[in-house]
Amino acid sequence: MKLSVQVIRFGCVGVAAMLVHLGVVSVLVPGGMSPLVANVAAFTVAFQVSYGGHRRWTFEADGGWGAYLRMLAVSLASFALNEAMYAGLLRFTTLDYRAALFLVLVVVAFLTFAASRLWVFTRGEQPS
Numbered sequence: 011m012k013l014s015v016q017v018i019r020f021g022c023v024g025v026a027a028m029l030v031h032l033g034v035v036s037v038l039v040p041g042g043m044s045p046l047v048a049n050v051a052a053f054t055v056a057f058q059v060s061y062g063g064h065r066r067w068t069f070e071a072d073g074g075w076g077a078y079l080r081m082l083a084v085s086l087a088s089f090a091l092n093e094a095m096y097a098g099l100l101r102f103t104t105l106d107y108r109a110a111l112f113l114v115l116v117v118v119a120f121l122t123f124a125a126s127r128l129w130v131f132t133r134g135e136q137p138s
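Heads up: the sequence shown begins at 11 in my numbering, then just goes up one per residue.
Structure, rendered in C-alpha cells:
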C-alpha cells in the first residue's frame, strides 16, 4: 500500500478514535464522573477503536497480542509525550495555547504513525 494512502487512513482512524473519546467523556461527566476519571475510561475505549482501525484498515496487518501490546505502549508513550511537550511549550514559549497544541499534535501524530508502521504492525507476525 502506498505511504500516502496509509497516512490518510491513519488520520481517518485517528479522527474516529478522537470522536469516540469525546463521546465517552461527554456521557460520563454529566452522569457524575470526574472529568479526569472519565478521560481514562474514554482513552480505554478509544484505544480499542484506534487499534482495530489501524490493524484492519490503515496497515492491513494480522495483529495478535504482540501488536496489541506494542500499540498500547506507543499510545501511552504518545500521551505522555503530548503532555510533556504541551506543558513545555506553554511554560517556556509565548505561543498561544491553541498553536502550541496544534504543533504538539502534529509532531506526536507523525511519531505515532512512524512507530506504528515500523514497529507495531510489522509484517510476518502470526495472528493469535
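Glycine included, every Cβ here is placed at the ideal spot set by N, Cα and C. Being a predicted model, the structure only gives us computed values, none of them experimental.
Name the residue from the options whose alpha carbon lies nearest to the alpha carbon of residue i.
i	options	result
Ala90	Val118, Glu70, Thr103 and Gln16	Val118
Asn16	Val55, Glu70, Tyr78 and Gln58	A small fix is needed here, since residue 16 is Gln in this sequence, not Asn. With distances taken between Cα atoms, Gln16 lies closest to Glu70.
Leu121	Met11, Lys12 and Phe20	Phe20
Asn92	Leu111, Asp106, Leu79 and Ala83	Leu111
Val30	Ser88, Leu128, Ser60 and Leu79	Ser60
Met11	Arg108, Leu115, Ser88 and Trp67	Trp67
Can you grab the Cα-Cα spacing for the pair residue i / residue j, in whole Å?
i	j	result
Leu86	Arg101	23 Å
Val130	Pro40	36 Å
Ala125	Met28	19 Å
Leu13	His64	14 Å
Quick check on residue i: buried or exposed, where buried means 16 or more other Cβ atoms within 10 Å of its Cβ?
i	result
Met81	buried
Gly42	exposed
Is it true that the segment 49-68 meets the segment 18-38, where meeting means three or more beta-carbon pairs spaced less than 8 Å apart? The answer is yes - the segment 18-38 touches the segment 49-68, with three or more Cβ pairs under 8 Å.
Where are the alpha helix (DSSP H) runs, 4 residues long or more, that stay fully inside the segment 73-129, in chain order? 75-102 and 107-125
How do the segment 73-83 and the segment 102-111 stand: do at least 3 beta-carbon pairs fall below 8 Å, yes or no? Judged by Cβ distances under 8 Å, the segment 73-83 makes no contact with the segment 102-111, as fewer than three pairs qualify.
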